[in-house]
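Same order as they appear, the protein sequences are chains A and B. Residue numbers for the first sequence follow this note's numbering, beginning at 35 and rising by one. Residue numbers for the second sequence follow this note's numbering, beginning at 18 and rising by one. Don't be surprised by glycine CBs; every beta carbon is placed ideally from N, CA and C. What follows is a single structure, written as structure tokens, with notes after it.
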Amino acid sequence: MSQSVKSPSMPGRVSRATLFGFLGPAVITLALIGIVPLAFAVWTSMRDYNLTKLARQKFIGFENYVTVLNDGAFWDAMGRTFTLLAIALPMQLIFGLGIALLLHKPGLGFFKTIARLSLVVPMATTYAVVGLLGQVMFNLKYGVVNQLLGFLGLGPFDWLGDPNLAFVTVIFWDVWQWTPFCALVLLAGLTTVPPEIEEAARLETKSWLTILRHVQLPFLVPGLTALLILRTADTLKLFDMVFTMTRGGPGAATEFIALLIQRVGFRAFDQGLASAQAVILLIITIVLSRLYISFFYREVHS
Amino acid sequence: MSVETATGTAATSAPATAHRTAQRERRLWVQILLIALVILFCIFPFYWMVTTSLKTQIVALQSPPAWIFDATTANYTEVLFADGVGYTLMNSLIVAVCTTILAVGLGCPAAYALARFEFRGKKDLWFWFITNRMVSPVVLALPFFLIVRMLGLLDTHIVLILIYLTFNLPIVIWICTDQFRSIPRDLDEAALLEGASQWRIFRSVCLPLAMPGVAVSSIFSFIFSWNELMFALVLTRTYAKTAPAMAVSFMEGYNLPYGKIMATSTLIVIPVIIFALIASKQLVRGLTMGAVK
């Protein structure tokens with residue numbers, strides 16, 4: 035409380051004024067841009083707040099929340115979001131692990147450096163551009179994907195016109211963009227295995243699967259957990275790529291949760307309902323963040 | 018699987034050695050082939066984007082798509098000078114640079130405090146910072162739009178600069194807290210004994226040593242702001258429109274101007290890829306917020 039004792043024997047104890055000087059600006063800024071709008075969203079969510087009839091907005095309590103919780107479209111969008119996560123994340127982890135093991139093998143120095151640099155390209159590509167690229171590459175008539183599949187005697191497929199295929203296309207891009215990230219994270223994990231332990235294990239067995247399970251896996255756990263939680267948060271946020279590629283369509287086939295809220299708020303102009311959806315999404319996010327903290331930042335608490 | 022382990026110590030006859038060399042060579046080729054596939058998979062969409070940007074509309078609408086064609090830079094001159102993409106790129110640059118400077122200026126002292134000082138509520142503060150990274154932008158986009166509209170600030174740079182701080186400030190704080198922690202405390206304690214104030218220790222002792230973290234977090238902050246679409250779409254119209262929002266506005270009508278869209282996309286993506294390659298060594302650590310070193 036009033037710990038203004040400043041002595042070297044008590045490292046880290048500083049006066050309130052000093053503390054405020056360091057933390058104040060960041061905390062106040064983040065409160066103004068992060069918390070005030072959220073409070074406003076909660077206020078909006080309790081109102082009949084439609085942009086087309088602003089004069090008639092009135093307090094309606096939790097009515098919007100009841101509507102959202104009973105709204106099939108909301109839960110469908112949630113279901114789609116977690117379906118995407120459940121399909122894409124295992125693929126990203128398996129392919130990512132494969133690439134990491136491939137690049138972890140000794141030898142081929144320069145070639146592997148090129149590979150590692152090319153892994154950066156998908157992650158760095160602007161999400162909106164990935165969606166635009168999707169329109170170009172997966173086009174029914176002019177798309178290169180159908181051309182390449184044609185060489186194998188397949189297709190042509192209406193990737194963006196068919197509801198199921200549109201979902202597959204979103205999965206494809208998600209896997210394309212984030213498999214390299216998984217590969218790099220897992221590769222970083224593999225390099226933390228002490229070389230002498232790995233060498234000893236290689237003298238014992240030639241099976242890479244055994245080495246992976248018993249020697250390398252423990253060192254991959256922090257990376258795997260980080261990936262699990264970051265990918266969950268990012269899938270809940272997913273907007274740019276899908277918006278520029280399918281706008282949530284055809285129908286509602288690729289309308290993930292962020293796209294649904296954006297449509298209700300900015301294309302149907304029902305800000306009250308959209309705010310209630312946003313608040314519910316926020317609550318889900320906070321629960322997931324709590325998970326994140328308890329996994330990774332234990333050392334901060336001590 | 019491990020039959021040949023035993024033969025390793027046995028007398029190595031010439032045929033066996035030849036057999037093993039051949040096997041090793043074959044494995045090496047498999048590895049090379051697989052790595053080449055990975056590179057191809059990662060690079061191909063980028064290659065397709067760049068080549069499409071060099072096609073005229075007629076070539077771009079060929080079916081099946083053309084792989085060999087006469088390249089033209091007409092799309093670039095057209096989008097940059099006739100369609101005003103140059104102007105929106107400038108807007109993106111202004112917004113990304115300003116928000117990065119603000120994020121670093123506000124975030125570094127806060128990161129130092131989190132790394133060095135003990136105080137009540139530190140845990141909650143930390144949690145709050147992290148939550149901001151997780152929150153979906155759409156949650157903030159709605160109320161921000163209404164507030165900004167009431168204040169008459171729609172379509173201004175300052176609004177984007179401020180709202181981008183909601184994800185940039187946490188990133189700077191995490192990466193820099195990590196960095197400040199790695200600086201030995203002996204240095205500040207020595208300076209403290211000599212009577213230096215905390216602020217002076219921060220500025221003259223720790224901040225110079227934390228520069229790698231500051232640089233990396235600046236690059237991340239720049240990339241995230243440059244890439245952002247949703248807030249730009251909702252909060253800008255013409256005056257402060259950013260390049261990604263501009264690229265989207267080409268997507269109207271039936272016959273999309275593929276060449277122009279891809280030219281704009283290339284202009285957006287190239288700087289990001291350059292920055293990301295520069296920071297590629299710290300990419301993993303930065304994106305997992307220090308969970309993986």
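- In the pairwise beta carbon analysis, the segment 215-230 of chain B is classified as not touching the segment 239-257 of chain B: fewer than three pairs are separated by under 8 angstroms.
- For residue 74 of chain B, the uninterrupted alpha helix (DSSP H) segment begins and ends at 74-77.
- Out of A:306, A:78, A:289, the CA that lies nearest to the CA of residue 270 of chain A is found in A:289.
- With contacts defined as CB atoms closer than 8 angstroms, residue 238 of chain B and residue 180 of chain B fail to qualify as a contacting pair.
- The continuous alpha helix (DSSP H) containing residue 138 of chain A extends over residues 106-138.
- By DSSP's assignment, residue 84 of chain A forms a beta bridge with A:304.
- Assignment of beta-bridge partners to residue 93 of chain A by DSSP yields A:81.
- At a Cβ-Cβ threshold of 8 angstroms, residue 185 of chain B and residue 130 of chain B do not count as neighbours.
- Excluding the 5 residues flanking it on each side, residue 139 of chain B has same chain C-beta neighbours closer than 8 angstroms at 131, in chain order.
- Within the model, the alpha-carbon separation for residue 182 of chain B versus residue 171 of chain B is close to 17 angstroms.
- The Cβ atoms of residue 164 of chain A and residue 91 of chain A lie no closer than 8 angstroms to each other.
- Within its own chain, the residues whose Cβ lies closer than 7 angstroms to the Cβ of residue 276 of chain B, once the five positions on either side in sequence are excluded, are 69, 70, 72, 73, 74, 77, 92, listed in chain order.
- For residue 106 of chain A, the closest of A:322, A:316, A:311 by C-alpha to C-alpha distance is A:311.
- The alpha-carbon separation between residue 35 of chain B and residue 64 of chain B amounts to approximately 41 angstroms.
- Using a Cβ-Cβ cut-off of 8 angstroms, residue 304 of chain A does not count as an interface residue toward chain B, since no Cβ of chain B sits closer than that to its own.
- For residue 263 of chain B, no Cβ of chain A is located within less than 8 angstroms of the residue's own Cβ.
- In the three-state reduction of the DSSP assignment, residue 140 of chain B falls in the helix class.
- Judged by their CB atoms, residue 294 of chain A and residue 277 of chain A are not nearer to each other than the 8 angstroms cut-off.
- Approximately 4 angstroms separates the beta-carbon atoms of residue 46 of chain A and residue 135 of chain B; this is inside 8 angstroms, confirming the contact.
- Cβ neighbours of residue 174 of chain A within its own chain (closer than 8 angstroms, five residues either side excluded): 180, 190, 191, 192, 193, 194, 195.
- Residue burial is scored here from C-beta neighbours: residue 215 of chain B has at least 16 other C-beta atoms within 10 angstroms and is therefore classed as buried.
- Against residue 135 of chain B, the close residues of chain A are 46, 47, in the order they occur along the chain (beta-carbon pairs closer than 7 angstroms).
- Listed in chain order, the positions of the segment 74-86 of chain B with a beta carbon within less than 9 angstroms of a beta carbon of chain A are 77, 78, 79, 80, 81, 82, 84.
- Rounded to whole angstroms, the separation of the alpha carbons of residue 324 of chain A and residue 144 of chain B is 8 angstroms.
- Per the coordinates, the alpha-carbon of residue 292 of chain B lies some 19 angstroms from the alpha-carbon of residue 259 of chain B.
- When secondary structure is reduced to three states using DSSP, residue 194 of chain A falls in the coil class, being assigned neither helix nor strand.
- Contact check between the segment 198-211 of chain A and the segment 110-129 of chain A: three or more CB pairs, one atom from each, fall below 8 angstroms, which counts as touching.
- Between residue 102 of chain B and residue 284 of chain B, the gap from beta carbon to beta carbon is short of 8 angstroms.
- Comparing alpha-carbon positions, the option among B:221, B:194, B:195 lying closest to residue 207 of chain B turns out to be B:221.
- In terms of beta-carbon proximity, residue 110 of chain A stays away from the interface with chain B, with every pair separated by 8 angstroms or more.
- Of all residues in the segment 41-64 of chain B, only 45, 48, 49, 51, 52, 55, 56, 58, 59, 60, 62, 63 place a beta-carbon less than 8 angstroms from a beta-carbon of chain A.
- Contact between the segment 130-144 of chain A and the segment 48-56 of chain B is present, with at least three C-beta pairs closer than 8 angstroms.
- In summary, the residues of the segment 268-281 of chain A whose CB is separated from some CB of chain B by less than 8 angstroms are 270, 271, 273, 274, 277, 278, in the order they occur in the chain.
- For residue 218 of chain B, no chain A residue has a C-beta closer than 8 angstroms to its own C-beta; the minimum C-beta separation is roughly 11 angstroms.
- Around the C-beta of residue 185 of chain A, fewer than 16 other C-beta atoms lie within 10 Å, and the residue is accordingly described as exposed.
- The beta carbons of residue 178 of chain A and residue 82 of chain B sit closer together than 8 angstroms.
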